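Novice: Right, I'll just put the structure down here and ask away after.
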Ligand code: EPZ
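Residue numbers (this note's numbering): 19 to 444.
So this is what it looks like as structure tokens:
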């Protein structure tokens, strides 16, 4: 089993450049289904989720050529199937992002109903309800969603119960070829939605309002392939900003738009962290003790749920007590119990976590519960006294390219080692 071994207490300083956004790249890859031909995506992160999405596209008949570590050439002219295999959807629920593109291109789709994951049920009822408004019929067969459009697709107004990122994206893609105009109200506003709309418009779509709660899609007849650069990953960036804030020496994080982390950087400044913003990133440092600060996660531009766990680690070492409220997922405090094993003082009460800051954390063995919780534990280990061993690091590999190497370049003492699985391990 691979683990991270981290020796805490070493100064962290230097410069790190983030990759393209995981949560954009996966949807951009799915969207290429709608534009038969060769689309080139640049600034694509070299992470396991991207590899899985590449397998999904190949199963559908596309060719995916890795031109270099961060450039993919995806030819979807050969896509001739509309069924995605369960084992890939189970591996990565973001595979459901092919639902909209397949319906748009073929009028058919068979996508395995995604299961939940560690952080929540991850339902797609809003995706399905919205698509039904546009004329899509669904049958649930043996755990698969079988979609068809017996009378074609027509534009309509879809109002989302919640500003769901995935539902907004699937509806935006599915309606590109619909007859007439589709309006998505209470749409998600994340920068990754804007990135997807920008690529679709470059392909010939007519989408307006992306980044606002009201997105309008005027149906067109076809899309053509393009070359598109993936937007910088604001969550990878935020993670390195949090790492820099831990120890205080300057860390420059490049490759992203600081406006995409607006509230996070403002909250970090309230916590006593110094942030100098640049056009392509920011420099983080700290000369005073971390201060407690209440956080509540909300859809963009609210505080991103994907930065909640990393921020919890900072608050665990802050002076005073903070309340962290998780409004987006129902079970996203799993890392807290592992942080408590390192000496943190965090009490979970429903969707609130009460964090009493402590002087220091101690290194020990911990297990990464999910992608962002894993990053939070790595942060805690960097600041802890002694050595920490983190298992479950395949979660981290899903969303952080060369995490070990980038942290090492900042001065961290971290290595990826192989240890024997304990056969008696439950
Ligand atoms: C995307 O997930 C991201 N994943 C998540 O990032 C991110 O946390 C989330 O958006 C919120 O920003 C990708 O883009 C691949 P939602 P998504 O639809 O689209 C519920 C990471 O760490 N819901 O906005 O699944 C859902 O269960 C990952 O990079 C329904 O109930 O998020 C959740 O509680 C984690 N029914 C909430 O809404 C639906 O039909 C938000 O989900 C859809 C969603």
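Ideal Cβ positions, reconstructed from N, Cα and C, are used throughout, including at glycine.
Just so we're clear, the structure is a prediction, and the values are computed from it rather than from any experiment.
#1: What did DSSP end up calling residue 187 once you bin it into helix, strand or coil?
#2: Provide the residue span of the alpha helix (DSSP H) that contains residue 422, from first to last.
#3: Looking at C-alpha atoms only, which residue of 252, 74, 87, 209 is the closest neighbour of residue 420?
#4: Any heavy atom of the ligand EPZ closer than 7 Å to the beta-carbon of residue 44?
#5: Let me know the secondary structure DSSP gives residue 196 once reduced to three states.
#6: So is residue 350 buried or exposed if we call it buried at 16+ other beta carbons inside 10 Å?
#7: Does the separation of the CB atoms of residue 179 and residue 152 fall below 8 Å?
#8: Cα separation between residue 453 and residue 331?
#9: Should residue 190 be listed as close to the ligand EPZ, given that the test is whether its C-beta is under 7 Å from any heavy atom?
#10: Rounding to the nearest angstrom, what Cα-Cα distance links residue 323 and residue 346 in this structure?
#11: Any heavy atom of the ligand EPZ within a distance shorter than 7 Å of the CB on residue 138?
#12: Can you list, in chain order, the residues of its chain whose CB lies under 8 Å from that of residue 76, leaving out five sequence neighbours each side?
#13: Less than 8 Å between the CB atoms is what I'm expecting for residue 274 and residue 260, so what's the real figure, rounded?
#14: With a cut-off of 8 Å on the beta carbons, I'd call residue 384 and residue 359 a contact; round off their distance for me.
#15: At a cut-off of 7 Å, would you count residue 202 as near the ligand EPZ, judging by its Cβ distance to the nearest heavy atom?
#16: With a CB to CB cut of under 6 Å and the five nearest residues on each side skipped, what residues in its chain are close to residue 58?
#17: Whose C-alpha, out of 155, 128, 135, 137, is nearest the C-alpha of residue 161?
#18: Is the separation between the beta-carbon of residue 362 and that of residue 334 shorter than 8 Å?
#19: Checking the sheet assignment: what are the DSSP bridge partners for residue 228?
#20: I need the straight-line Cα distance from residue 340 to residue 283, nearest angstrom please.
#21: How should residue 132 be labelled, buried or exposed, when 16 other C-beta atoms within 10 angstroms of its C-beta is the threshold for buried?
#22: Can you tell me whether residue 45 is buried or exposed? The criterion is at least 16 other CB atoms within 10 Å of its CB, across all chains shown.
#23: Any chance the CB of residue 322 is under 7 Å from a heavy atom of the ligand EPZ?
#24: Give the straight-line distance between the Cα atoms of residue 336 and residue 22, rounded to the nearest whole angstrom.
#25: Buried or exposed for residue 444, going by 16 or more other Cβ atoms inside 10 Å?
#26: What distance in whole Å lies between the Cβ atoms of residue 317 and residue 181, which are believed to be in contact at a cut-off of 8 Å?
#27: Quick check: what's the CA-CA separation for residue 120 versus residue 229?
#28: Going by C-alpha to C-alpha distance, which of 125, 303, 216 sits closest to residue 169?
#29: On the criterion of 16 or more Cβ atoms from any shown chain inside 10 Å, does residue 327 qualify as buried, or is it exposed?
#30: Quick one: what's got a C-beta closer than 6 Å to residue 157's C-beta in the same chain, skipping five residues either side?
#31: If you drop the 5 nearest sequence neighbours on each side, which residues of the same chain put their C-beta closer than 6 Å to that of residue 55?
#32: Beta-carbon of residue 341 versus every beta-carbon of chain D: anything under 8 Å?
#33: Starting from residue 35 and walking both ways along the beta strand (DSSP E), at which residues does that stretch end?
#34: Which complete alpha helix (DSSP H) runs does the segment 334 to 422 hold, if anything under 4 residues is left out?
#35: With a cut-off of 8 Å on the beta carbons, I'd call residue 70 and residue 251 a contact; round off their distance for me.
#36: Considering only residues of the same chain and omitting the five flanking positions on each side of residue 393, which have a CB-CB separation below 6 Å?
Specialist: So, from the listed chains and residues:
#1: Position 169 of the chain shown, counted from the start, is the residue given in the question as residue 187. Reduced to three states, the DSSP call for residue 187 is helix.
#2: Along the chain shown, read from residue 1 onward, the residue named residue 422 stands at position 404. Residues 421 to 427.
#3: Locating residue 420 in the chain shown gives position 402, counting from the first residue. Looking at the Cα atoms, 87 is the closest of the given residues.
#4: Translated into positions along the chain shown, residue 44 becomes position 26. Yes; taking the cut-off as 7 Å, the Cβ of residue 44 has a heavy atom of the ligand EPZ nearer than that.
#5: Position 178 of the chain shown, counting from 1, holds the residue named residue 196. Looking at residue 196 - three-state DSSP - the assignment turns out to be coil, as it is neither helix nor strand.
#6: For the purposes of this step, residue 350 is taken as the residue at position 332 of the chain shown. Classification for residue 350: buried.
#7: On the chain shown, position 161 is the one that residue 179 refers to. On the chain shown, position 134 is the one that residue 152 refers to. Cβ atoms of residue 179 and residue 152: not closer than 8 Å.
#8: The structure shown does not extend to residue 453, since the chain is modelled only from 19 to 444, so the question has no answer here.
#9: Working through the chain shown from its first residue, we reach residue 190 at position 172. Answer for residue 190: no, Cβ out of range of the ligand EPZ.
#10: Looking up residue 323 in the chain shown gives position 305. Looking up residue 346 in the chain shown gives position 328. Residue 323 and residue 346: Cα-Cα distance of roughly 7 Å.
#11: Locating residue 138 in the chain shown gives position 120, counting from the first residue. Residue 138: yes, Cβ under 7 Å from the ligand EPZ.
#12: Indexing the chain shown from 1 puts residue 76 at position 58. Same-chain partners within the cutoff: 82.
#13: Position 256 of the chain shown, counted from the first residue, corresponds to residue 274. Position 242 of the chain shown, counted from the first residue, corresponds to residue 260. Not quite, the Cβ-Cβ distance comes to about 14 Å (not below 8 Å), so this is no contact.
#14: Residue mapping note: residue 384 aligns to position 366 of the chain shown, counting from 1. Residue mapping note: residue 359 aligns to position 341 of the chain shown, counting from 1. Going by Cβ atoms, the distance from residue 384 to residue 359 rounds to 6 Å, so yes, they are a contact pair.
#15: In the chain shown, residue 202 corresponds to position 184, counting from 1. Outside the cutoff, so no.
#16: Working through the chain shown from its first residue, we reach residue 58 at position 40. If we look at residue 58 and ignore the five residues flanking it on each side, its Cβ neighbours are 91, 245.
#17: For the purposes of this step, residue 161 is identified with residue 143 of the chain shown, where counting begins at 1. The option with the nearest alpha carbon to residue 161 is 128.
#18: Here the question's residue 362 lines up with position 344 in the chain shown. Here the question's residue 334 lines up with position 316 in the chain shown. Against a cut-off of 8 Å, the Cβ pair of residue 334 and residue 362 comes out as a contact.
#19: By one-based count along the chain shown, residue 228 stands at place 210. In the DSSP output, where bridge partners are listed per residue, residue 228 has 230.
#20: Taking the chain shown and counting its residues from 1, one reaches residue 340 at position 322. Taking the chain shown and counting its residues from 1, one reaches residue 283 at position 265. Each residue's alpha carbon lies about 17 Å from the other.
#21: For the purposes of this step, residue 132 is taken as the residue at position 114 of the chain shown. Per the 10 Å Cβ criterion, buried.
#22: In the chain shown, residue 45 corresponds to position 27, counting from 1. Residue 45 is buried by the Cβ-count criterion.
#23: Locating residue 322 in the chain shown gives position 304, where the first residue counts as 1. Yes.
#24: By 1-based counting over the chain shown, the position of residue 336 is 318. By 1-based counting over the chain shown, the position of residue 22 is 4. Cα-Cα distance, rounded: 25 Å.
#25: Looking up residue 444 in the chain shown gives position 426. Summary for residue 444: the model assigns pLDDT 46, below 50, so the residue's position carries little reliability, and this model does not support an answer.
#26: One-based indexing of the chain shown puts residue 181 at position 163. One-based indexing of the chain shown puts residue 317 at position 299. At roughly 4 Å, the Cβ-Cβ gap stays under 8 Å, so residue 181 and residue 317 are in contact.
#27: Sequence index remark: in the chain shown, residue 120 carries index 102 (1-based). Sequence index remark: in the chain shown, residue 229 carries index 211 (1-based). So the alpha carbons of these two residues sit roughly 24 Å apart.
#28: For the purposes of this step, residue 169 is taken as residue 151 along the chain shown, with counting starting at 1. Measuring from the Cα of residue 169, the nearest candidate turns out to be 125.
#29: Locating residue 327 in the chain shown gives position 309, counting from the first residue. So residue 327 counts as buried.
#30: Locating residue 157 in the chain shown gives position 139, where the first residue counts as 1. Closer than 6 Å at Cβ, skipping near neighbours: 164.
#31: In the chain shown, counting from the first residue as 1, residue 55 sits at position 37. Closer than 6 Å at Cβ, skipping near neighbours: 95, 243.
#32: Here there is only one protein chain, and chain D is not present.
#33: Along the chain shown, one-based indexing puts residue 35 at 17. Note, residue 35: beta strand (DSSP E), 32 to 35.
#34: 352 to 359, 389 to 401, 412 to 415
#35: The count along the chain shown starts at 1 and reaches residue 70 at position 52. The count along the chain shown starts at 1 and reaches residue 251 at position 233. In fact, because the Cβ distance is near 17 Å, the residues do not count as touching under 8 Å.
#36: Stepping through the chain shown from its first residue, residue 393 is reached at position 375. Excluding positions up to five away in sequence, the list reads 257, 328.
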